[in-house]
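*Asks:* Protein chains in written order, with the working numbering: chain A, 1 to 256; chain B, 1 to 363; chain C, 1 to 181.
Yeah, the Cβ is synthetic: ideal placement off N, Cα and C, and Gly gets one too.
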Amino acid sequence: MAEVEIKVENLVYAKPRLITDTVMHYCPGCSHGTVHKLIAEVIDEMGLEGKTIAVSPVGCSVFAYNYIDVDWIEAAHGRACAVATAAKRLHPNSLVFTYQGDGDLAAIGTAETIHAAARGENIVTIFINNAIYGMTGGQMSPTTLLGMKTATTPYGRDAALNGFPYKVSDMIAHLDGATYITRQSVHTPANVRKCKKAIRKAFENSLAGNGYSMVEVVATCNSGWKMTPVEANKWMEENLLPAYPLGDIKCSTLPK
Amino acid sequence: MAEKEVKLMKGNEVIAHAAVRCGCDGYFGYPITPQSEVMETLMELKPWESTGMVVLQAESEVSSINMVYGGAATGKKVMTSSSSPGVSLMSEGLSYLAACELPCLVVNCQRGGPGLGTIQPSQGDYFQACKGGGHGDFHLLVLAPASVQEMYDFVGLGFDLAFKYRIPALLLADGAIGQMMEKVVFSPQLPRRSDEQIAQECGSWAACGKGSRKERNVATSLFLQPDELEVLNDRLQAKYREIEANEVRYEEFMCDDAEYILVAFGSSARICSATVEMAREQGIKLGLLRPITLYPFPYEPLKQMAERGVKGFMSVELNAGQMVEDVRLAIEGKAPVTHYGRTGGVIFNPESVLEALKTNLLK
Amino acid sequence: MKETIIIAGFGGQGVLSMGKILAYSGVMQDLEVTWMPSYGPEMRGGTANVTVIISDKRISSPVADSYDTAIILNQQSMDKFESKVKPGGILIYDTNGIITPPTRTDIEIYSIDAATECARLGQAKMFNTMILGGYLKIKPVVEMEYVMQGLKKSLPERAWKFLPQNEAAIQHGAEIIKKVR
Chain A
1 MAEVEIKVEN LVYAKPRLIT DTVMHYCPGC SHGTVHKLIA EVIDEMGLEG
51 KTIAVSPVGC SVFAYNYIDV DWIEAAHGRA CAVATAAKRL HPNSLVFTYQ
101 GDGDLAAIGT AETIHAAARG ENIVTIFINN AIYGMTGGQM SPTTLLGMKT
151 ATTPYGRDAA LNGFPYKVSD MIAHLDGATY ITRQSVHTPA NVRKCKKAIR
201 KAFENSLAGN GYSMVEVVAT CNSGWKMTPV EANKWMEENL LPAYPLGDIK
251 CSTLPK
Chain B
1 MAEKEVKLMK GNEVIAHAAV RCGCDGYFGY PITPQSEVME TLMELKPWES
51 TGMVVLQAES EVSSINMVYG GAATGKKVMT SSSSPGVSLM SEGLSYLAAC
101 ELPCLVVNCQ RGGPGLGTIQ PSQGDYFQAC KGGGHGDFHL LVLAPASVQE
151 MYDFVGLGFD LAFKYRIPAL LLADGAIGQM MEKVVFSPQL PRRSDEQIAQ
201 ECGSWAACGK GSRKERNVAT SLFLQPDELE VLNDRLQAKY REIEANEVRY
251 EEFMCDDAEY ILVAFGSSAR ICSATVEMAR EQGIKLGLLR PITLYPFPYE
301 PLKQMAERGV KGFMSVELNA GQMVEDVRLA IEGKAPVTHY GRTGGVIFNP
351 ESVLEALKTN LLK
Chain C
1 MKETIIIAGF GGQGVLSMGK ILAYSGVMQD LEVTWMPSYG PEMRGGTANV
51 TVIISDKRIS SPVADSYDTA IILNQQSMDK FESKVKPGGI LIYDTNGIIT
101 PPTRTDIEIY SIDAATECAR LGQAKMFNTM ILGGYLKIKP VVEMEYVMQG
151 LKKSLPERAW KFLPQNEAAI QHGAEIIKKV R
């Protein structure tokens, strides 16, 4: 494809400076790319490129370090918040955040996440909740809704067989060490703008030393859900958002 | 010259003092007997007020080793300590640390196993430390202290070697060395490295924030392309060959004219040195080779002893026979190799080792 | 010179700290020492013991099967360690709580009524230093000057106000120890 020169005055959109040229491996319609973009923009706007340490998970976003041009540590499955805890304590002036999905954070990494939040670590977790294990091929995750079909719940999640889903952010919000907990989405332009503001607020909260912050992003996994991107957005609005309603869950300061 | 700082302390306590003195940046741990004094001593020392060292009690050994992973990935000098069951939980993290070529120090104050086992001393984790302790082809650099002074000295040595080769170092102690008190001479306080020093010394790999660097650093062990992962493995193996060539450490005790050799490490070696003295009084020409590094293992000196005509070797361990496999590899069938050990936290004494020698080799 | 001592009794009697004072005294006199405790749940009310070795040469094994001296503070320890004293060695015991006194004739046996004496003086915490004083009278392995230094070193600073009491107890122990045979 020939390169097309666009005049500056005609430019309406450009790739964020901190998004690398690596071609993303995410499926078309996936929410990860949008959230990556928002993070890259916020880091750049806050001038934090040189002092950011990011921690990637195991899951679809395992390769996040290929896409955002900051220093990264790739954690073992579920351990991101422990990894970030040490990075932040040893580099107290840095921005340290983890980027994790619902399988990584809410299943295998529950202990690490809850204890980092309870200790009030000055880190941020960007929590992508699409209610499914994407990378391993669409199995049930802790946030999979009752009745939802996945590779390991082919007849739909049954509480008697598979247990109940749980609301991670609401649970974390009960902890004294967690001060900014919000639930966002990126399925409409308005939601994208709100989500970006939330990410910035979380980064500011952690840099201010005000404890643990989590931005949950209710997201689509159209491949895992076996839908077109448009269908996935609609399904998310009708099913996931009633279970995981959007908005700030907690904005507070650390208890004295 | 300033007067020597001589103290009487437990092995576990000196680990904490040595960490602060050598300029360690962070300790992350979880309580487990018989080594909880390490973190307790650090908390009492409050190094965050003196050197700025971070000390944190984690929610599990899984978490503490991953904190070590996170700290090490940023170029800091970080460590943890635990005992056998806790180190089992750390094996995942150790594999990641080795794969990402991250320097750190892990202390295992061994207790009897398998399972929950006992809190009494054991050397049952030799295989775990030297042959396994996680998935994939990797080694830890394993140091085996045999005195409280070595518990102190090997903290600094462990960090030095870990950073020299970018490899996780393991200090394989046991409940006896950890709980006993001996004289120990402290070293002077070294400063912690500044962030600028770290950026300079570890700038090619440490993910400590890009700063003025152009290229980002990424600590990862994920290489989905087999040939890319093989490149990492080849590099690791080349490093291990270099370590095997340069870092073998051992101590000989009365080996020059010895007809029989005991091979023992850590607290067992202390007991065996008394056995050697007793045997010599009885006219038995016995010597002791004490491996100080368990990986790399002193194969060559043992082989040379066999070639020189030593009539037999007995590996003496607080386990059911683990290091004896390496002794056999070293001797290559040139002389009889046997094992004596007790398990479950039972400690043998110099007399019973001599008895076993007579039964096993001198018959 | 090499002295291998076992001190054994109940947890809470100050067995481990008596060993520590003795070991630190050795350090102060520039001798080699090892202090090897029994550790674990048994420390909390069960039996506790510590092996202390003091030597003018490097100490090989910190573990021993027989002892030059045994200091026995309860019946369980008597049952376990009387037989482990080397022929010609020394056994010292506090009579309080001992139902079956030692029977060996190839060792020197001493008794000390430290528990009773401490109760009489209302100084229960001086029990272990009093026993230590008795032991050092029989076997002066470390000079008294260094014992006092070792005592100070092994106590936390907040307990230094009790140093004079402890010193008095060491002296008193030397006075009340009796030879049984």
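#1: If you run the structure through DSSP and keep just helix, strand and coil, what is N217/B?
#2: Smallest Cα separation from A73/B: which of A54/A, L18/A, A64/A, N162/A?
#3: If contacts are defined as beta-carbon pairs under 8 angstroms, then V217/A and C251/A qualify, I think. What distance do you get, rounded to the angstrom?
#4: For F186/B, which option in E150/B, A274/B, S95/B, A245/B has the closest C-alpha, if you only look at C-alpha atoms?
#5: Is it right to say A159/C is buried, meaning 16 or more other beta carbons lie within 10 angstroms of its own, or is it exposed?
#6: Would you tell me roughly how many angstroms separate the C-alpha atoms of I99/C and K80/C, rounded to the nearest one?
#7: Could you pull out every residue in the same chain whose Cβ sits closer than 7 angstroms to the Cβ of P34/B, ignoring the five residues on either side in sequence?
#8: Would L45/B and V20/B qualify as a contact pair, given that the criterion is a beta-carbon distance under 8 angstroms?
#9: Secondary structure at G158/B, three-state DSSP: helix, strand or coil?
#10: Please give the ranges of any beta strand (DSSP E) in the region 116 to 165 of chain B, keeping only runs that are unbroken, at least 3 residues long and fully inside the region.
#11: Please list the segments of the alpha helix (DSSP H) lying wholly inside the region 80 to 143 of chain C, counting only runs of 4 or more residues, in order along the chain.
#12: Starting from E32/C, follow its DSSP beta bridges and name the residues at the other end.
#13: Starting from H91/A, find everything on chain B with Cβ-Cβ shorter than 7 angstroms and list it in chain order.
#14: Taking a cut of 8 angstroms between CB atoms, which residues from the region 7 to 40 of chain C lie near chain B?
#15: Identify which residue in A219/A, D248/A, R183/A has its Cα closest to the Cα of M236/A.
#16: Counting only beta-carbon atoms, is R328/B nearer than 8 angstroms to chain A?
#17: Does the Cβ of G9/C have 16 or more other Cβ atoms within 10 Å, making it buried, or fewer, making it exposed?
#18: By the three-class DSSP mapping on this structure, what secondary structure does E251/B have?
#19: Quick one: what does DSSP say A281/B is sitting in, helix, strand or coil?
#20: One question on the structure: do I6/C and A48/C come within less than 8 angstroms of each other, judged by their Cβ atoms?
#21: Leaving out five residues before and five after G26/B in sequence, what residues of the same chain have Cβ atoms less than 7 angstroms from its Cβ?
#22: Anything in chain B within Cβ reach of K51/A, meaning under 7 angstroms, just list it in chain order.
#23: Could you pull the start and end residues of the beta strand (DSSP E) that W72/A belongs to?
#24: Going along chain C in order, which residues have a C-beta closer than 8 angstroms to the C-beta of K183/B?
#25: Is DSSP giving I7/C helix, strand or coil here?
#26: To the nearest angstrom, how far is the alpha carbon of K256/A from that of N210/A?
#27: Could you check where the alpha helix (DSSP H) with E300/B kicks off and where it finishes?
#28: Check the Cβ of Y212/A against every Cβ in chain B and list those closer than 9 angstroms, keeping chain order.
#29: Between the region 74 to 85 of chain A and the region 141 to 150 of chain A, can you find at least three pairs of beta-carbon atoms closer than 8 angstroms?
#30: Would Q35/B count as contacting chain C if we go by Cβ distances under 8 angstroms?
#31: Indicate whether the contact test is met: 3 or more Cβ pairs, each with one atom in the region 227 to 245 of chain B and one in the region 23 to 35 of chain C, closer than 8 angstroms.
#32: Just reading off the beta strand (DSSP E) that C408/B is part of, what are its end residues?
#33: Counting only Cβ pairs nearer than 8 angstroms, list the residues of chain B close to D65/C.
#34: Quick check: is the beta carbon of I43/A nearer than 8 angstroms to any beta carbon in chain B?
#35: Near K7/B, which residues of its chain fall below 7 angstroms by C-beta distance, leaving aside the five closest residues on each side in sequence?
#36: Given a cut-off of 8 angstroms, decide if A169/B and L105/B are closer than it, judged by their beta-carbon atoms.
*Replies:* The short version:
#1: As a first step, residue 217/B must be located in the second sequence, where it is residue number 217. Coil at N217/B, not helix or strand.
#2: For the purposes of this step, residue 73/B is identified with residue 73 of the second sequence, where counting begins at 1. Comparing Cα-Cα distances from A73/B to each of A54/A, L18/A, A64/A, N162/A, the minimum goes to A54/A.
#3: On the first sequence, residue 217/A is found 217 positions in, with the first residue counted as 1. On the first sequence, residue 251/A is found 251 positions in, with the first residue counted as 1. About 17 angstroms separates the two Cβ atoms, so there is no contact after all.
#4: Here the question's residue 186/B lines up with position 186 in the second sequence. Residue E150/B is the option with its Cα nearest to F186/B.
#5: Counting from 1 along the third sequence, the entry for residue 159/C is found at position 159. By the neighbour-count rule (16 or more Cβ atoms within 10 Å), A159/C is not buried but exposed.
#6: Counting from 1 along the third sequence, the entry for residue 99/C is found at position 99. Counting from 1 along the third sequence, the entry for residue 80/C is found at position 80. So the two alpha carbons sit approximately 14 angstroms from each other.
#7: Stepping through the second sequence from its first residue, residue 34/B is reached at position 34. The answer, listed in chain order, is S83, C109, R111, I119, G175, G178, Q179.
#8: In the second sequence, residue 45/B corresponds to position 45, counting from 1. In the second sequence, residue 20/B corresponds to position 20, counting from 1. Yes.
#9: Along the second sequence, read from residue 1 onward, the residue named residue 158/B stands at position 158. Helix.
#10: 141 to 143
#11: 114 to 121, 127 to 138
#12: Reading the third sequence from its first residue, position 32 is the one you call residue 32/C. Answer by DSSP bridge pairing, in chain order: S55/C.
#13: Translated into positions along the first sequence, residue 91/A becomes position 91. Simply T74, C208, G209.
#14: K20, A23, Y24, V27, E32, V33, T34, W35, M36, P37, Y39, G40
#15: Sequence index remark: in the first sequence, residue 236/A carries index 236 (1-based). That would be A219/A, whose Cα lies nearest to the Cα of M236/A.
#16: Locating residue 328/B in the second sequence gives position 328, where the first residue counts as 1. Taking Cβ atoms only, chain A never reaches closer than 8 angstroms to R328/B, which makes this a no.
#17: Numbered from 1 along the third sequence, position 9 holds the residue referred to as residue 9/C. G9/C should be labelled buried.
#18: As a first step, residue 251/B is located in the second sequence; it is residue number 251 there, counting from the start. Here E251/B sits in strand by DSSP.
#19: Working through the second sequence from its first residue, we reach residue 281/B at position 281. Checking the displayed sequence, the identity of residue 281/B turns out to be Glu instead of Ala. The answer is helix: DSSP assigns E281/B an H, G or I state.
#20: For the purposes of this step, residue 6/C is identified with residue 6 of the third sequence, where counting begins at 1. For the purposes of this step, residue 48/C is identified with residue 48 of the third sequence, where counting begins at 1. For I6/C and A48/C, no; Cβs fall outside 8 angstroms.
#21: Here residue 26/B refers to the residue found at position 26 when the second sequence is read from its first residue. For G26/B, where only same-chain residues beyond five positions count, the Cβ hits under 7 angstroms are M53, V54, G71, K76, V78.
#22: Indexing the first sequence from 1 puts residue 51/A at position 51. Ordered by position in chain B, the residues that pass the 7 angstroms Cβ test against K51/A are G209.
#23: Here residue 72/A corresponds to residue number 72 of the first sequence, with the count starting at 1. Counting along the chain, the beta strand (DSSP E) containing W72/A begins and ends at 71 to 74.
#24: For the purposes of this step, residue 183/B is identified with residue 183 of the second sequence, where counting begins at 1. What K183/B touches in chain C: V27, E32, V33.
#25: Locating residue 7/C in the third sequence gives position 7, counting from the first residue. Looking at I7/C - three-state DSSP - the assignment turns out to be strand.
#26: In the first sequence, residue 256/A corresponds to position 256, counting from 1. In the first sequence, residue 210/A corresponds to position 210, counting from 1. Cα to Cα, the separation comes out at about 11 angstroms.
#27: Position 300 of the second sequence holds residue 300/B. E300/B -> alpha helix (DSSP H) spans 299 to 308.
#28: Taking the first sequence and counting its residues from 1, one reaches residue 212/A at position 212. Here the premise fails: no neighbours, minimum Cβ distance about 14 angstroms.
#29: no
#30: Sequence index remark: in the second sequence, residue 35/B carries index 35 (1-based). Chain C, which has no Cβ nearer than 8 angstroms to the Cβ of Q35/B, makes this no.
#31: no
#32: Given a span of 1 to 363 for chain B in the structure shown, any question on residue 408/B remains unanswerable.
#33: By one-based count along the third sequence, residue 65/C stands at place 65. In chain order: N349, P350, E351, S352.
#34: Within the first sequence, the letter at position 43 stands for residue 43/A. Not an interface residue.
#35: Counted from its first residue, the second sequence places residue 7/B at position 7. For K7/B, where only same-chain residues beyond five positions count, the Cβ hits under 7 angstroms are V184, F186.
#36: Position 105 of the second sequence, counted from the start, is the residue given in the question as residue 105/B. Position 169 of the second sequence, counted from the start, is the residue given in the question as residue 169/B. Yes, Cβ-Cβ distance for L105/B and A169/B is below 8 angstroms.
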